[in-house]
Amino acid sequence: MANLTGAYAGPVPIISQNTASILKYRANFATGTASISLPLIKPGTRYIITSVYTEGNEVTIGFGESAGTITDERFTFTQTAGPLDLSLFFGNAPFSQYKNTDFLIINGEVAKEITVAYVEFKG
Amino acid sequence: MSSLPVISANTDAIMRHQAKFITSAADIVIFGTSETRQILLALKTTGASVGIGVGYIGELQIGIGDDSEDNFTGDLVNLPVLVNTVSVLIDDVVKGTDDGAGNITGATISAGTVDYSIGAVDVTFTAPPAQDEVITVTYTGFDVSSYRNIVGAAPLDLSGFLKNAPFSFYKENGGLIVSPEAGEETAIAYIEMRERE
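Which chain is which? The protein sequence lines are A and B, in order.
All residue numbers in the first sequence are consecutive under our numbering, ending with 109.
All residue numbers in the second sequence are consecutive under our numbering, ending with 228.
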């Protein structure tokens, strides 16, 4: 293969036998300034966070009863300066913790945009 | 094979084996029971290097009092030794601790040092321990065979590396230790499984 003139491997990722799964467990995306609050309003609804990216320098994830206010912190990370990309981190270890409360909250640095990808899950 | 991230057949497993998260600017030490194994899934630190391995809470007897000898030495075997985990005891009573900079201090210790890298301990008491009193050192250190110090550029993200190869070393009675550079914030994700699960 290495000696075959003109051999070319396309850089475009191929969606193959996983396509059905990708569609079944469709990723949702949410973007907010400094904070994202996902309402846990449906009985049994859980969210699996698979990617987090922010132009700010910090991310905190937890649960709370009011949008934007975390009262039960489950994850935090701060670095000197943004942007902060935790996509690989949560790609390996999706945040799948659950609590019977009103919101799953992702907070970032003040005035900085934050984006998360998550999957809705019903056990 | 798709190179896209997929939540698919693994979704149920993700929910069943929920990842735990710890963030700290100091050493992270996780000891379960004797039959639990911690699997490190992801790691991100603001520093440029991090040590990972299985470790133990160790104990070494460095001497027995005879009313005359005031200096005792020994070599700790689980290396490197974690800073701020070294204690010197006489008959199970703590007489001194390390200061994180290689010095062992205490009211009844006139001089004391520990080399965290090679494990050498040297302690001199202000007065010789009494006849038959047992002098020991307790500490936390890495199992040498599992310890790896990974050096890169700050901020160091080992999540991609661990995606291919989760760190899952197991030693009976051992625990997972993650040792970042001093003062550098480090976040880890891990799951804990029973060894005979």
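Ideal placement from N, C-alpha and C gives every residue a C-beta, glycine not left out.
All values reported here derive from a predicted model rather than from experimental measurement.
Could you have a look at B:G137 and say whether DSSP puts it in helix, strand or coil? Within the second sequence, residue 137 of chain B is the residue found at index 106, counting from 1. Collapsing the DSSP output to three states places B:G137 in a strand.
Taking the alpha carbon of B:D174 as the reference point, which residue from B:K75, B:G82, B:I181, B:I140 has its own alpha carbon closest? By 1-based counting over the second sequence, the position of residue 174 of chain B is 143. Out of B:K75, B:G82, B:I181, B:I140, the CA that lies nearest to the CA of B:D174 is found in B:G82.
Could you pull the DSSP bridge partners for A:S23 from this structure? As a position in the first sequence, residue 23 of chain A is number 37, starting the count at 1. In the DSSP assignment, the residues bridged to A:S23 are A:I91.
Answer with buried or exposed for B:G89, where buried requires no fewer than 16 other C-beta atoms within 10 angstroms of its C-beta. On the second sequence, residue 89 of chain B is found 58 positions in, with the first residue counted as 1. Burial call: buried.
Cβ-based burial, B:G214 [other Cβ within 10 Å; buried from 16]: The sequence position of residue 214 of chain B within the second sequence is 183, counting from 1. Burial call: exposed.
Whole-angstrom Cβ separation of B:V117 and B:D106, contact assumed at under 8 Å? Residue numbering aside, residue 117 of chain B sits at position 86 when the second sequence is read from its first letter. Residue numbering aside, residue 106 of chain B sits at position 75 when the second sequence is read from its first letter. Actually they do not touch by this definition, with Cβ atoms about 13 Å apart.
Residue ranges of each alpha helix (DSSP H) within the region 190 to 221 of chain B, 4 or longer: Look at the region 190 to 221 of chain B and you find these whole runs of alpha helix (DSSP H), each 4 residues long or longer: 190 to 195.
Hey, is B:F200's beta-carbon within less than 7 Å of any beta-carbon in chain A? The residue you call residue 200 of chain B lines up with position 169 of the second sequence. No, B:F200 lies away from the interface with chain A (no Cβ there is under 7 Å from its Cβ).
Which residues in the same chain as B:S33 place their Cβ atom closer than 6 Å to its Cβ, once the five residues preceding and following it in sequence are excluded? Walking along the second sequence from the start, residue 33 of chain B turns up at place 2. Confidence is the limiting factor: at B:S33 the pLDDT is only 39, short of 50, which leaves the residue's position unreliable, though a coordinate-based value still follows. For B:S33, where only same-chain residues beyond five positions count, there are no Cβ hits under 6 Å.
Helix or strand or just coil, what does DSSP make of B:A24? The structure shown does not extend to residue 24 of chain B, since chain B spans only 32 to 228, so no value can be given for it.
First and last residue of the uninterrupted alpha helix (DSSP H) at B:I45: Position 14 of the second sequence, counting from 1, holds the residue named residue 45 of chain B. That run of the alpha helix (DSSP H) goes 42 to 47.
Inspect the beta-carbon positions of B:I166 and B:F103 and report whether they are closer than 7 Å. The sequence position of residue 166 of chain B within the second sequence is 135, counting from 1. The sequence position of residue 103 of chain B within the second sequence is 72, counting from 1. Going by C-beta atoms, B:I166 is nearer than 7 Å to B:F103.
Buried or exposed by the 16-neighbour rule on C-beta atoms within 10 Å, applied to B:Q162: Taking the second sequence and counting its residues from 1, one reaches residue 162 of chain B at position 131. Exposed, because fewer than 16 other Cβ atoms sit within 10 Å of the Cβ of B:Q162.
In whole angstroms, what separates the C-alpha of B:T77 from that of B:I121? Taking the first residue of the second sequence as 1, we reach residue 77 of chain B at position 46. Taking the first residue of the second sequence as 1, we reach residue 121 of chain B at position 90. Each residue's Cα considered, the two are about 40 Å apart.
Segment limits, alpha helix (DSSP H) that includes A:G77: Numbered from 1 along the first sequence, position 91 holds the residue referred to as residue 77 of chain A. A:G77 -> alpha helix (DSSP H) spans 73 to 78.
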